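Peer 1:
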Amino acid sequence: MRSGPLAYALLAVGILVLASTPLYADNYVVRTAAIVAMYGALATSWNFIGGFTGYPSFSTAAFFGLGCYVGAICQRAGVPMVLAWLIATLMVGAFAALLGAIILRLKGHYFAIGSIAVVEVCRLIVSSWSSLTGGGDGLNLPLLTWGPEQVMRFFLFVMLAILILSLIATALVDRSRLGFGLRCIHQNEDAAAMVGIDTTRYKVAAYTLSAVFCAAAGAAYASWTGYIDPTESFQILMTVKVPVMAMLGGAGTLAGPFLGAAAFVLLEEVFWANFLDWNRAILGVVIVLLVFFLPGGLLSLARKRSAGGPA
Amino acid sequence: QETIKIGAPLALTGGLADEGHKQDLVWKMWVEKVNAAGGLAVGDKKMKVELIEYDYQSEGQRASQLAEKLINDDKVQFLFAPFGSGHTKIVGGVGERYQVPTIACVASSESVFDQSLKHLFGTLSPNGGMTTAMVKMFKEKFPDTKTIAVLGRDDVFPKSMAEGIAKAAEAQGLTVAYKELYPVGTMDHAAALSSIKAAKPDWIYVSGYTQDLILARKQMQDLGVTAPIVTMVTGPSYKEFTEGLGKLADGITSSSWWHHATNYTGQGVWPTTADFYKDFQAKTKGADPDYVHGSCAAAGEVIAEALKRTGSLDKAKLRDAIASTDIQTFYGPIKFGPTGMNLPRELPIIQVQDETIKVLAPADIKNAELIAMPK
Amino acid sequence: MAIYSQILANGLMLGALYACLAVGFSLVWGVLNVINMLHGSFIILGGYLTWFAWHGWGIHPIVMLPVVGALLFALGFALQKLVINRVVSAPVLTTLTLTFGLDMILYNVMTYWFTATPRRVQLDLGAVSLGPVTLPVDRLVGTALALVLTLALYAVMRGSNIGRAIVAVRMDRSAAELMGIRTERIYAITFGIGALMAGVAGVVFASVFPITTNVTGTYLGKAFVVCVVGGLGSVPGALVGGLVLGLVESLAGHWFGPQQAITAGFVLMLAILLTRPTGLVGVRGYE
Amino acid sequence: MTEPILKLEGVCKNFGGLKALTDVSFALAPGEVVGLIGPNGAGKTTLVNVVTGKLPASTGRILFEGKDVAAQKPHEAARRGLARTFQIVQPFPQMTVIENVTAGALFGGGAASVGDARDMARKSLDFVGLAPLADRPAAQLALAARKRLELAKSLAMQPKVLMLDEVNAGLNSSEIDGALALIRKIAESGVTVLIIEHLMKVVLSLSKRLLVLHHGQMIADGPAKEIVADERVIEAYLGQKYAARLKELHHA
Amino acid sequence: MPEPRLDPLLELAGVTSGYGQIQVLWGMDLAVHSGEVVALVGSNGAGKSTLLRTISGQLAPREGTIRFDGRAIGGAKPDAVLTAGIAHVPEGRRLFRGLTVRDNLLLGAYLRTDKDDIARDLAWVFELFPILAERQRQDATTLSGGEQQMCAVGRGIMSRPKLLMIDELSLGLSPRMVEHLGEALIQLNKAGQTILLVEQDVMTAFELSHRAYIMENGRVTRAGASTELMADPTVSEAYLSI
Ligand SMILES: Nc1ncnc2c1ncn2[C@@H]1O[C@H](COP(=O)(O)OP(=O)(O)OP(=O)(O)O)[C@@H](O)[C@H]1O
Ligand SMILES: Nc1ncnc2c1ncn2[C@@H]1O[C@H](COP(=O)(O)OP(=O)(O)OP(=O)(O)O)[C@@H](O)[C@H]1O
Ligand SMILES: [Mg+2]
Ligand SMILES: [Mg+2]
């Protein structure tokens, strides 16, 4: 992943646009910006395992949902909000590390299935452990008492902060031994082990990184909506959507997942606002077209233009 | 000319699409009727009503997103909450934050209203009212009833019904021989039904959504699981249930919040239940409305009344006016309790007899007696 | 003890239906390396066609079996030939994205036309009793059909030229070309067979379960589990996986309550993934 | 007699019912160059896999510098100085040649930073003569160059023992001459080399000592000249015609 | 009827070919007559495999003509080329995992419909390689390297080709196995099979063939009778040293 200045410029512009929405736009736009930031963070997070390492992970919703629940349970126990988010992040990170040590022994298809099963199992456990999680009734969280504008801005900046942290982590990993090793694993895991890469540890690190930002986003999201339940928190759809976003933008790049998330969320926005009955189908058509005409993701457009002729 | 804007995030696709379409249908009927009459009275002038709907695809996250869009972009003055307790909570939370009065027509779990959302009002009565009376009546009619088996879907409303009935049954001296929840996404009830069969209960009570209940009834038949009383909540309230089961629906009891056989008179565009029934039949070419239709169609009257009384569009005033609503409609009385929920009333108990819905209680609208399940 | 024979019978009957549901998905995944997100919708489409034929013209589902099979084969064949083949050798995430998009379209079309109302073909054939065990006739027939169809597919895969060609293409596309196999055509046939099996599963399901578009995700999830338990890409794998899953869910439902039945299925799947990633009867080679 | 650097004692490896290695024992002295031959399927590659931790041994001890390493993972083997090449070359295809080798230096060769690793990689590319292709993606290389890349990568790991699994297969005679010179150079730098090869020309011109595996058993271990005249080896491996050809050459 | 002895069975004239932007073949001329064994040797990356792929239709020639049995087959798809009578045993055996030895062999006859003849040919392959008959129910990829190579050749024969092209017969095989396979090829040829053999081990190649071509950088640099080439000091210097 060679991230040129273009990628950084795109990112900076994107983040600035999102951050400045409260200055000129109404609350709904701010909210959309916060959702873009949230999905951006999820997709960027996924990139560690899916993009760098090339493992088709579908665990995003599990981490997000666990983040929701750990955060909510802490908050209900009286832990201050931000501390609750932190606890959620750490606990889910630890959980991902443990889980990773087990399911990362699987490769390819089997890993994909294992990771998707994790979402289901988490959902089922959360919904049957009613004493702690409220089961199918879900959990209510204390609503913030500030005015709607303030709440919205606050969560926009929280989501942006998570996004920026995930991007910084990406940039750091990209340059480090870890990033190099992960890319080797992506290319050829056997050979990677043979040159001395502790593949298990590296993969677990990537998987954990792919979890922590999701958990943080989930915990913040729970505080934001004020009510969570198992079906909403562990959505299989989210688990498929996030990799799709990353693919749309360009998996394995710094800016791609964020751009893909932004494009996806905005497209959804346009379609369901304008096509009541056919929004899903139209989005489906757009996805199909993108797969055909931009298989390398949106970023490949920019790259094609800047790269010129064949090397 | 200014209009009154009501926003409704609806599930037009996804798991709750059918319910969403019902809401969409009657709300549109109501708006049409109101506007044909010149609009709603706000003080002494009349204003047209505009209904703005978005499809939230049965996804909670999106429901809250669309509620915000309705408030911020479309500047609606009121929200109609979508179907189901869970999504009502989510949309209610958004309404609360923006202090936009939100009318929930299809949420009956007390847990939705006990979180001090000051702007959320529900037209259904608490579902606690559906259990105690039912146990009492069945015990009275069938004194041999000693044991009950309960199978409930693990979802806000069906779960609270399952738990409520078990509690009410125990309180009145029945033995709960079996009580389990099944998770959302269950494809098959054979295992649970086989266990129930082994327990030989006098009463089988199943809660869930239409498709779960159709499957459960069908499998009961297949596996030879029977009891003198079989209750499926809220199966027979829906025509999809009776249509899907045909003959098999016979004998099944349930409770409901409203039935078109009732005869209420009140204010609004449909002064009597019969008026509404007639319009509805005309619109749907002969279909029968269920409680979702009734409750949603009546919800508009809450708004109409509040506007009439306050004579302004001030949100805070409107909220207070709604809180003190006390009206009669074709759907029955609407008067909100301290949590914002319609006050308890005697709810209809119904039974399918010869593939049609009969009302067993309350006494004033009753048109049949409870019969045992056909063998 | 009587209850156990009933529970086992329930489990086996359910398991056969699961096998029928999963076999096409497994084949497409194993051979084409495509995780077919459309599979659940194909099943429901087959189910709806059956329902409409039955409801509208009183056509018996058995008659619809070959009709729906042929229609879905054609649909699958065309989709693969015209759309999916263009990216079939791309990484699995790309094809997944593609079928995800296609499913959004199909799903939307189906909910628009058919609505989400649960429909059921009311055959209500009653039940037969074998000692303490009650066997619903429609489910028994469904089970038999599921088994026969799955075994028929197995026979095709094992004994016919097309079957050999499908395996060959899966294992080594360019070597298969050298055998004179037209790989794109085999891909389309395989996807067609996958859709066909989904369609006939839909016919069987419509006669046994209420069907609605809401359950496409559930079906897809079951197909996943069955594939893993039995082994990816093989017909016997789907059969064994389906039966084992049916039994486990049935027993767990009895012992721990229905709430834990699905969890038990997933736990079984995770356990198998970790100890025997190739499934109970799977072949190696899909890593 | 110096302490052996690598020593196997009674190593067995089973795949289900198949006995791929049965009771294999031998030792390599530091700096030695030894050939390992045997019919197809004899278990040679399996042996390398077991020694480098890619596959766990069923039973037996593997001593590296006197320490039992039978339970090691591949990356531990690499860091200890046990490097290998793959019979079917395994580059990181989308990475450039230099990046491939850098990976070896960074993770196996103990380089302190990515920059250091790059310097080490450059040296090892020079050593094998791949420097001109340093910036090509590995996937574009022809077979001979790929095999060299494997070598360069292994060298960058600063190995003490290097196991070469058919690095010369598919090369023609003149290319083989180049490869031979390279392997000799590696051996001269003190690395212990185990060569697996079906090309007798390579094996004989590099190693004085030969090991012969047959059906997973070590059927011979000794000086190359004696081994190629051994009836069992001729029967199992060389074939009469080839043995005759070899003998002719010896007389000439 | 054309005179079979004079007209070559396969004839390439000025064929160029390659992958994407990389051109590999730069004007190949080559002929194979009925009943011959022709060897093709050359350094690594010379383009031998590319040539076979171009003939068998996996690659389309960019220029030049390929004639087989009197018909132009340049640019035809692999199944058409196979139907015309050319079988290609690819480099590295490429047997199908998960299929038995027998199924692998039968796949060689995928395009044939003559059931009885297929059975007869299968029997003939088993006669040629008795070990395959012994192992016919076993998963093909569990065979030893040499046995796999036999199976691959057998699979080629199963299409009953007029021309059998074999890429890298001896790659990774023990000397004894190479000898064994060589004998089998000679037997095949005696039974009338025309063979185009690509072989890295030049000594083996010359021993097995009647004529040979030497390729370098996508062109033919030498051609002639194998015995002559073997005796040529320039050739033996470049390609032969034990
Ligand atoms: N992972 C495995 N699972 C099952 N059997 C295996 C596995 N790896 C190797 N084998 C079998 O073990 C035996 C030894 O194989 P190995 O690759 O070590 O042979 P080899 O001596 O390297 O042969 P060659 O000279 O052909 O490379 C063979 O019969 C092979 O089929
Ligand atoms: N799929 C491919 N894409 C791009 N280039 C290729 C491809 N396959 C081969 N090449 C290139 O084409 C050239 C000729 O390769 P080819 O395999 O035909 O050589 P060969 O004579 O068969 O060599 P060998 O003796 O190694 O088998 C080489 O430079 C190689 O790198
Ligand atoms: Mg080997
Ligand atoms: Mg070649």
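Chains as they are written, first to last, in this note's numbering: chain A, 13 to 323; chain B, 8 to 382; chain C, 259 to 545; chain D, 1459 to 1710; chain E, 197 to 438.
From the three backbone atoms N, C-alpha and C, an ideal C-beta is built for every residue, glycine too.
Quantities reported herein were computed from a predicted structural model and do not represent experimental measurements.
Are the CB atoms of Gln1616 (chain D) and Gly1568 (chain D) within a distance shorter than 9 Å?
Peer 2: Within the fourth sequence, the letter at position 110 stands for residue 1568 (chain D). Within the fourth sequence, the letter at position 158 stands for residue 1616 (chain D). Yes. Within cutoff.
Peer 1: I'd like to confirm the pairing. Which residues does DSSP put opposite Trp222 (chain E) in its beta bridges?
Peer 2: As a first step, residue 222 (chain E) is located in the fifth sequence; it is residue number 26 there, counting from the start. Beta-bridge pairing links Trp222 (chain E) to E:Thr212.
Peer 1: Does Gln383 (chain E) have its Cβ less than 9 Å from a Cβ in chain D?
Peer 2: Taking the fifth sequence and counting its residues from 1, the one referred to as residue 383 (chain E) is at position 187. No, because no Cβ of chain D sits closer than 9 Å to the Cβ of Gln383 (chain E).
Peer 1: Examine the Cβ distances between the region 231-238 of chain B and the region 300-315 of chain B and report whether three or more of them are shorter than 8 Å.
Peer 2: Short answer: they don't touch.
Peer 1: Is there at least one Cβ from chain A nearer than 9 Å to Tyr105 (chain B)'s Cβ?
Peer 2: Counted from its first residue, the second sequence places residue 105 (chain B) at position 98. Yes, Tyr105 (chain B) lies at the interface with chain A (some Cβ there is under 9 Å from its Cβ).
Peer 1: Using the C-alpha atoms, what's the distance from Leu1486 (chain D) back to Thr1460 (chain D)?
Peer 2: For the purposes of this step, residue 1460 (chain D) is identified with residue 2 of the fourth sequence, where counting begins at 1. For the purposes of this step, residue 1486 (chain D) is identified with residue 28 of the fourth sequence, where counting begins at 1. Cα to Cα, the separation comes out at about 10 Å.
Peer 1: Confirm, please, whether the CB-CB distance from Lys204 (chain B) to Gln264 (chain C) is below 9 Å.
Peer 2: For the purposes of this step, residue 264 (chain C) is taken as the residue at position 6 of the third sequence. For the purposes of this step, residue 204 (chain B) is taken as the residue at position 197 of the second sequence. Yes, these two residues count as a Cβ contact at 9 Å.
Peer 1: When every heavy atom of ligand 2 is checked, does at least one fall within less than 8 Å of the C-beta of Gly243 (chain E)?
Peer 2: Sequence index remark: in the fifth sequence, residue 243 (chain E) carries index 47 (1-based). Result yes, Cβ under 8 Å from ligand 2.
Peer 1: Any C-beta of chain A sitting closer than 9 Å to the C-beta of Gln1552 (chain D)?
Peer 2: Residue mapping note: residue 1552 (chain D) aligns to position 94 of the fourth sequence, counting from 1. With 9 Å as the cut-off, Gln1552 (chain D) counts as an interface residue toward chain A.
Peer 1: Using the three-state DSSP reduction, which class does Gly321 (chain A) fall into: helix, strand or coil?
Peer 2: By 1-based counting over the first sequence, the position of residue 321 (chain A) is 309. Only weak support exists for where Gly321 (chain A) lies, its pLDDT of 31 falling under 50; the value from the coordinates is given anyway. Coil, per DSSP.
Peer 1: Would you please verify whether the beta carbon of Arg43 (chain A) is less than 9 Å from any beta carbon of chain B?
Peer 2: Taking the first residue of the first sequence as position 1, residue 43 (chain A) is located at position 31. So yes, Arg43 (chain A) belongs to the interface.
Peer 1: I need the straight-line Cα distance from Ala178 (chain B) to Ile240 (chain A), nearest angstrom please.
Peer 2: Taking the first residue of the second sequence as position 1, residue 178 (chain B) is located at position 171. Taking the first residue of the first sequence as position 1, residue 240 (chain A) is located at position 228. About 32 Å.
Peer 1: Note down, in chain order, each residue of its chain lying with its Cβ closer than 6 Å to the Cβ of Ala319 (chain A), except the 5 sequence neighbours on either side.
Peer 2: In the first sequence, counting from the first residue as 1, residue 319 (chain A) sits at position 307. Because Ala319 (chain A) carries a pLDDT of 38, less than 50, the predicted location of this residue cannot be relied on, and the following value inherits that uncertainty. Excluding positions up to five away in sequence, the list is empty.
Peer 1: Report yes if the C-beta distance between Val386 (chain C) and Leu403 (chain C) is below 9 Å; otherwise report no.
Peer 2: If you number the third sequence from 1, residue 386 (chain C) lands on position 128. If you number the third sequence from 1, residue 403 (chain C) lands on position 145. Going by C-beta atoms, Val386 (chain C) is not nearer than 9 Å to Leu403 (chain C).
Peer 1: Just how far apart, CA to CA, sit Tyr67 (chain A) and Ile61 (chain A)?
Peer 2: On the first sequence, position 55 is the one that residue 67 (chain A) refers to. On the first sequence, position 49 is the one that residue 61 (chain A) refers to. Roughly 6 Å separates the two Cα atoms.
Peer 1: Indicate whether the contact test is met: 3 or more Cβ pairs, each with one atom in the region 337-355 of chain E and one in the region 286-305 of chain E, closer than 8 Å.
Peer 2: Short answer: they touch.
Peer 1: If you drop the 5 nearest sequence neighbours on each side, which residues of the same chain put their C-beta closer than 7 Å to that of Val483 (chain C)?
Peer 2: Numbered from 1 along the third sequence, position 225 holds the residue referred to as residue 483 (chain C). If we look at Val483 (chain C) and ignore the five residues flanking it on each side, its Cβ neighbours are Leu503, Gly523, Phe524 and Met527.
Peer 1: What residue does the alpha helix (DSSP H) around Met103 (chain A) start on, and which one ends it?
Peer 2: For this step, residue 103 (chain A) is matched to residue 91 along the first sequence. Taken as a continuous stretch (DSSP letters only), the alpha helix (DSSP H) holding Met103 (chain A) covers Met93 to Ile115.
Peer 1: Between Pro274 (chain E) and chain C, is any beta-carbon pair separated by less than 9 Å?
Peer 2: Counted from its first residue, the fifth sequence places residue 274 (chain E) at position 78. Pro274 (chain E) counts as touching chain C.
Peer 1: Closer than 8 Å by C-beta to Glu1693 (chain D): which residues in its own chain qualify, once you throw out the five before and the five after it? Chain order, please.
Peer 2: Position 235 of the fourth sequence, counted from the first residue, corresponds to residue 1693 (chain D). Answer for Glu1693 (chain D): no residue qualifies.
Peer 1: Skipping 5 residues on each side, what residues in its chain have a beta carbon closer than 7 Å to that of Glu187 (chain B)?
Peer 2: By 1-based counting over the second sequence, the position of residue 187 (chain B) is 180. Cβ neighbours of Glu187 (chain B) beyond the five flanking positions: Leu158 and Ala199.
Peer 1: In chain order, what residues of the same chain have a beta carbon less than 6 Å from the beta carbon of Gly269 (chain C), not counting five sequence neighbours either side?
Peer 2: Sequence index remark: in the third sequence, residue 269 (chain C) carries index 11 (1-based). Within the same chain, Gly269 (chain C) has close Cβ partners Gly504, Leu505 and Ser508.
Peer 1: Do we get a CB-CB distance below 9 Å when we pair Arg290 (chain E) with the residues of chain D?
Peer 2: By one-based count along the fifth sequence, residue 290 (chain E) stands at place 94. So no, Arg290 (chain E) is outside the interface.
Peer 1: If I'm right that Leu381 (chain E) touches Ile391 (chain E) with Cβ under 8 Å, what's the distance once you round it to whole angstroms?
Peer 2: In the fifth sequence, counting from the first residue as 1, residue 381 (chain E) sits at position 185. In the fifth sequence, counting from the first residue as 1, residue 391 (chain E) sits at position 195. Leu381 (chain E) to Ile391 (chain E), Cβ: 7 Å. Contact.
Peer 1: Measuring only the C-alpha atoms, how far is Leu222 (chain B) from Gln380 (chain C)?
Peer 2: Here residue 222 (chain B) corresponds to residue number 215 of the second sequence, with the count starting at 1. Here residue 380 (chain C) corresponds to residue number 122 of the third sequence, with the count starting at 1. C-alpha separation (whole angstroms): 11 Å.
Peer 1: Relative to the alpha-carbon of Ile1495 (chain D), which residue among D:Val1661, D:Lys1666 and D:Ala1687 has its alpha-carbon at the smallest distance?
Peer 2: Residue mapping note: residue 1495 (chain D) aligns to position 37 of the fourth sequence, counting from 1. It is D:Val1661.
Peer 1: Would Tyr544 (chain C) count as contacting chain B if we go by Cβ distances under 9 Å?
Peer 2: For the purposes of this step, residue 544 (chain C) is taken as residue 286 along the third sequence, with counting starting at 1. Confidence at Tyr544 (chain C) is low in this model, with a pLDDT of 40, below 50, so the placement of that residue is unreliable and no value is reported for it.
Peer 1: Report whether the distance from the Cβ of Asp397 (chain E) to the nearest heavy atom of ligand 4 is below 8 Å.
Peer 2: Here the question's residue 397 (chain E) lines up with position 201 in the fifth sequence. Flag unset: Cβ of Asp397 (chain E) not near ligand 4.
Peer 1: Using alpha carbons as the reference points, say which of D:Arg1690, D:Gly1648 and D:Ile1641 lies closest to Ile1654 (chain D).
Peer 2: Looking up residue 1654 (chain D) in the fourth sequence gives position 196. Among D:Arg1690, D:Gly1648 and D:Ile1641, the Cα nearest to that of Ile1654 (chain D) belongs to D:Ile1641.
Peer 1: Given that a residue counts as buried once 16 or more other Cβ atoms are within 10 Å of its Cβ, and exposed if not, what is Glu433 (chain E)?
Peer 2: The sequence position of residue 433 (chain E) within the fifth sequence is 237, counting from 1. Glu433 (chain E) is exposed by the Cβ-count criterion.
Peer 1: Helix, strand or coil for Lys207 (chain B), going by three-state DSSP, please let me know.
Peer 2: Translated into the one-based positions of the second sequence, residue 207 (chain B) becomes position 200. Reduced to three states, the DSSP call for Lys207 (chain B) is coil.
Peer 1: Please give the ranges of any alpha helix (DSSP H) in the region 1510-1553 of chain D, keeping only runs that are unbroken, at least 4 residues long and fully inside the region.
Peer 2: As far as the region 1510-1553 of chain D is concerned, its whole alpha helix (DSSP H) runs of at least 4 residues are 1532-1538.
Peer 1: Near ligand 3, which residues have their beta-carbon less than 7 Å from any of its heavy atoms, given in chain order?
Peer 2: Selection output, chain order preserved: D:Lys1502, D:Thr1503, D:Gln1545, D:Asp1623, D:Glu1624 and D:Ile1654.
Peer 1: Looking at the C-beta of Leu1564 (chain D), does it have a partner C-beta in chain H at a distance below 9 Å?
Peer 2: Absence of chain H from the displayed structure is noted, the protein chains being A, B, C, D and E.
Peer 1: Does any residue of chain C bring its CB to less than 9 Å from the CB of Tyr271 (chain B)?
Peer 2: The residue given as residue 271 (chain B) occupies position 264 in the second sequence. No, because no Cβ of chain C sits closer than 9 Å to the Cβ of Tyr271 (chain B).
Peer 1: Quick check on Asn291 (chain C) - is its C-beta less than 9 Å from some C-beta in chain E?
Peer 2: On the third sequence, position 33 is the one that residue 291 (chain C) refers to. Output row for Asn291 (chain C): interface = no.
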